[in-house]
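J.:
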Amino acid sequence: MSSILTVLFNGVAYGFLLFIMSVGLSVTLGMMNFVNLAQASFSMFGGYVKVTAMQSFGVPFLASLPIVFIVIGALSIVVERLIFRHFYNTDDLTQVLLTIGLVFMSIAIATYAWGGTYQRIDMPSWLTGQRDVLGLTLETYRIFLIAIGAAMAIILVLGLERTQLGAMVRACVDNRRVAGACGLNTELIFALTFAIGGGLAGLGGALSANLLGLDPNFPLRYLVYLLIIVSVGGMGTISGTLIAGLALGIADVMGKYYFPQFGGFVIYVLTVACMLWRPHGLLGRQT
Amino acid sequence: MKIAMKIAASLLVATSAAVLSGFGASAQETVKIGILQSYSGITSLGGQQTDSTVKLFMQKYGDTAGGKKIELVRRDTTGPNPEVAKRLVQEVVTREKVQVLIGPDYTPNTLAAAPILMEAKVPSFVTGAATTGIVGEKSKYSTRTFFAVPQLCKPLAAYAVKNGWKRVFVAVADFAPGHDCEKYFIEALKDASGTLAGNLRIPVANPEFSGYMQRIRDAKADALFIFMPIGELSIGILRAVNDSGLKASGIKIMGTGDITDETYIDAVGDAALGTITTGIYSTQHDSALNKEFVKDYVALNGAKPRIGWGAIATWDAMRMTYDALNAQAGAKFDPDKFAAFIHGRTFESPRGPITIDKANGDIVQNIYIRRVDKVNGVLQNVEIESFKDVGFK
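Chains as they are written, first to last, in the numbering used here: chain A, 1 to 287; chain B, 1001 to 1393.
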């Protein structure tokens, strides 16, 4: 019994990890309808900013997280102003080609700046090891992931789906000209949303680097997981991303425990089944 | 105007021809060494390491051997990419006329290159591919200075049983070398009368290990044997073994040296402490030759990235190339004599004594059992025991 509960807990924690990693993409792809594969590169740079802040400037772990959010948010505004804003009205394929090119450039930049090797990730001792909770021995960092993932989900759902800002963003995406005619500063809103998406991606990288390893190839290695979670969850919904992350996370860990011979296969089978059942994702809107 | 142009052009041709032939007469004979490694993308560390080693070797022993000037021809294989490797081998052999080749890296590249090298009679060194049966079987001019998979996978079975860890759980990456290693280890475990507590094949794209960790824990094994390719899987599984509490439960963690490779062991961090691995080379190896090698390497190339197995394999390839060229000093380069000189040779490398098999060109070497310890605050693979002259089959 205890092993089942431990496996379930691990699955939930992995689900939150997937959510944290893909929520940035969910914001730009889902809410702004811009296919930004370079979101995975923002994650990688988030990881590097954290490592640099902690190792070169002695910033403690928790304090490094807001720094990552601000730095990567600012970086994404720069990239948005310089490059992306010229491509809002192009078709999906152009956006894919543009941003995958940026991913390759980011890999070269990271190799140049930080070297090709895997980074050492230091974790504070209070986040390592295991804790006894209700008779179960649970990994401390996974407890932390669940807590921070849940907090992010609540803030984002309330902030982006239930506030005026969220409504303004959706208005801009649905019909930019009318939104502009109604007096909305669409340029500012897009830049701001982009910064939030980028900052979240950076945060995802910073929080996952110690579990996933951090090297210049990070974006290509995990891009497919981001896309799976966002498309299974459905475009334009934070809660959909959360549900998809949790469902696939739990299925993956359970699958590996009960049917190890099928191993990593489970997550892909579920993705295909889900896309056949609901092509717009679990909570996606028909457009 | 036209005539003037013609005169100028012919003058130019004539003088350059004279200059070229003049150089040809005075220049000493050269030997071209091709270096086919990956210099770009995620595998670029391999090429970087090869270059650092070649640079060190030539700084130390000069750029001539046996009276011939050494000229290097470098090409980028871009990783395990047989089509690219084949094209590059053709290019360096037919156009650049290289006489000796270091590389290409990776098994698929090595297999793609072998027929060309055999036909063109180009002696080559396998410095970065570990699959069995890809050396003398494919080209009688090839020599392996790396290692063969069974060398690393077999010895730990006997070592574990001898130490009383009789029930062993085996976890390998789910790709061809992983399946090979699993087979070799389980066979050796049976021979040593140990028992298999269970086995797992883990997908090569796998960010999450907790389900596997719980399964291994349920099996209540004495030891866990791990084979993972170099990279994030090794980091991930060692961290998972530690974070999940599996290691604290008392199970011994063992594996091939890939999982604690010096180039990224710092990224694994203290989770790697105590891991027992088999290896062909550790910078901690206690010999005068190795101490000198490490000191010189760090002095020239810096302490990071740390020295890995690719460096030592390249070093030994250069050593043998120079020795073989010296042996045929004064004569024209002869690939058959070159290969015959190397095959069957025994010499002291910074890693310890090695022998190149006379018939096959594959390597026979000491395999070291190492434990990850902190030496002066740095994680190191410290050799605690050795198996002498382990064969490649």
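Every residue, glycine too, gets a C-beta built ideally from N, C-alpha and C. These numbers were taken from a predicted model, which means no experiment stands behind them.
Going along chain B, which residues have a C-beta under 9 Å from A/Met254?
T.: Correct list: Gly1211.
J.: Compute the distance between the beta-carbons of B/Ala1085 and B/Ala1113, then report whether it is under 7 Å.
T.: Their beta carbons are under 7 Å apart, which means B/Ala1085 touches B/Ala1113 by this criterion.
J.: At a Cβ cut of 8 Å, what residues of the stretch 1190 to 1208 of chain B count as close to chain A, listed as they run along the chain?
T.: Here the close residues are Leu1200, Arg1201, Ile1202, Pro1203, Ala1205, Asn1206, Pro1207, Glu1208.
J.: Could you give the DSSP three-state label for A/Gly284: helix, strand or coil?
T.: DSSP places A/Gly284 in coil when its eight states are reduced to three.
J.: Which value, in whole angstroms, describes the spacing of the CA atoms of B/Tyr1368 and B/Tyr1281?
T.: Taking the straight line from one Cα to the other gives about 8 Å.
J.: List the whole-angstrom C-beta distance separating A/Leu242 from A/Phe42, where the pair is believed to meet the contact cut-off of C-beta under 8 Å.
T.: About 20 Å separates the two Cβ atoms, so there is no contact after all.
J.: Kindly indicate which three-state DSSP category B/Pro1335 falls into: helix, strand or coil?
T.: The answer is helix: DSSP assigns B/Pro1335 an H, G or I state.
J.: For A/Arg81 and chain B, any beta-carbon pair shorter than 7 Å?
T.: Closer than 7 Å: no.
J.: Cβ of A/Gly213 less than 7 Å from any chain B Cβ?
T.: Yes, contact with chain B.
J.: Please classify A/Tyr257: does DSSP put it in a helix, a strand, or coil?
T.: Looking at A/Tyr257 - three-state DSSP - the assignment turns out to be helix.
J.: Against chain B, which members of the stretch 139 to 154 of chain A pass a CB distance test of less than 9 Å?
T.: Answer in chain order: Glu139, Thr140, Tyr141, Arg142.
J.: If you draw a straight line from the C-alpha of A/Ala110 to the C-alpha of A/Leu102, how long is it?
T.: Their backbone Cα atoms lie some 12 Å apart in a straight line.
J.: B/Ala1025 to B/Ile1102, Cα distance in whole Å?
T.: The pLDDT assigned to B/Ala1025 is 40, lower than 50, so where the model puts this residue is not dependable; a value taken from the coordinates is nonetheless given after this. For B/Ala1025 and B/Ile1102, the distance between alpha carbons rounds to 29 Å.
J.: Looking at C-alpha atoms only, which residue of A/Pro66, A/Ala251, A/Leu25, A/Phe194 is the closest neighbour of A/Leu207?
T.: Answer by Cα proximity: A/Pro66.
J.: For B/Thr1030, list the residues DSSP reports as bridge partners.
T.: B/Lys1069, per the DSSP bridge assignment.
J.: Less than 7 Å separating the beta-carbons of B/Gln1284 and B/Val1382?
T.: Yes, the pair counts as a contact, with Cβ atoms nearer than the cut-off.
J.: How about B/Gly1034 and B/Asp1105: do their beta carbons lie closer than 7 Å?
T.: Not in contact: B/Gly1034 and B/Asp1105 (Cβ atoms no closer than 7 Å).
J.: Of the residues B/Glu1182, B/Val1161, B/Ile1265, which one's Cα is nearest the Cα of B/Gln1149?
T.: The sequence given here places Val at residue 1149 of chain B; Gln does not occur at that position. Comparing Cα positions, the closest option is B/Glu1182.
J.: So which of B/Leu1111, B/Lys1097, B/Thr1110 has the shortest CA-CA distance to B/Ala1120?
T.: Of the listed residues, the one whose Cα sits closest to B/Ala1120 is B/Lys1097.
J.: Select from the stretch 200 to 226 of chain A all residues with a C-beta closer than 9 Å to any C-beta belonging to chain B, and list them in chain order.
T.: The residues in question are Ser208, Asn210, Leu211, Leu212, Gly213, Leu214, Asp215, Pro216, Asn217, Phe218, Leu220, Arg221, Tyr222, Val224, Tyr225.
J.: When you compare each of B/Lys1166, B/Val1172, B/Tyr1212, B/Ala1205 to B/Ala1197 by their alpha carbons, which one comes out closest?
T.: Per the Cα distances, B/Lys1166.
J.: Using a cut-off of 9 Å between C-beta atoms, extract the partners of B/Pro1305 located in chain A.
T.: Per Cβ cutoff of 9 Å: Gly115, Gly116, Thr117.
J.: Between the beta-carbon of A/Ala209 and the beta-carbon of A/Ser76, is there less than 7 Å?
T.: Against a cut-off of 7 Å, the Cβ pair of A/Ser76 and A/Ala209 comes out as no contact.
J.: Taking 7 Å as the CB-CB cut-off, is A/Val7 touching chain B?
T.: By this cut-off, A/Val7 is an interface position.
J.: With distances taken Cα to Cα, identify the nearest neighbour of B/Val1092 among B/Pro1207, B/Ala1317, B/Leu1111, B/Glu1071.
T.: Ranking the options by Cα distance to B/Val1092, first place goes to B/Glu1071.
J.: Can you tell which of A/Leu5, A/Leu17, A/Ser2 has its C-alpha closest to the C-alpha of A/Ala151?
T.: For the residues A/Leu5, A/Leu17, A/Ser2, the minimum Cα distance to A/Ala151 belongs to A/Leu17.
J.: Output yes if chain A places a C-beta closer than 7 Å to the C-beta of B/Gly1308; else output no.
T.: Not closer than 7 Å to any Cβ of chain A, the Cβ of B/Gly1308 fails to qualify, so no.
J.: Is A/Ser43 helix, strand or coil when you go by DSSP?
T.: It is helical.
J.: Examine the Cβ distances between the stretch 1223 to 1231 of chain B and the stretch 1172 to 1189 of chain B and report whether three or more of them are shorter than 8 Å.
T.: Taking 8 Å as the limit for Cβ pairs, the verdict is that the stretch 1172 to 1189 of chain B does touch the stretch 1223 to 1231 of chain B.
J.: Do A/Ala38 and A/Thr99 have their CB atoms nearer than 7 Å?
T.: Yes, the Cβ-Cβ distance between A/Ala38 and A/Thr99 is below 7 Å.
J.: In angstroms with no decimal places, state the Cα-to-Cα distance between B/Ile1134 and B/Phe1146.
T.: Roughly 12 Å between the two C-alpha positions.
J.: Measure from the C-beta of A/Thr241 to each C-beta in chain B and report whether the shortest distance is under 7 Å.
T.: So, not an interface residue.
J.: Per the contact definition of three or more C-beta pairs closer than 8 Å, is the stretch 28 to 35 of chain A in contact with the stretch 243 to 251 of chain A?
T.: Because the criterion of three Cβ pairs below 8 Å is not met, the stretch 243 to 251 of chain A and the stretch 28 to 35 of chain A do not touch.
J.: Which parts of the stretch 1070 to 1125 of chain B are runs of the beta strand (DSSP E), unbroken and 3 residues or longer, counting only runs that do not cross its ends?
T.: Fully enclosed beta strand (DSSP E) runs of 3 or longer: 1100 to 1102.
J.: Is there a Cβ of chain B sitting closer than 7 Å to that of A/Ser3, yes or no?
T.: Yes, A/Ser3 counts as interfacial toward chain B.
J.: With 7 Å as the threshold, decide whether the Cβ of B/Lys1393 is near any Cβ in chain A.
T.: For B/Lys1393, the answer is no, since every Cβ of chain A falls outside 7 Å of its Cβ.
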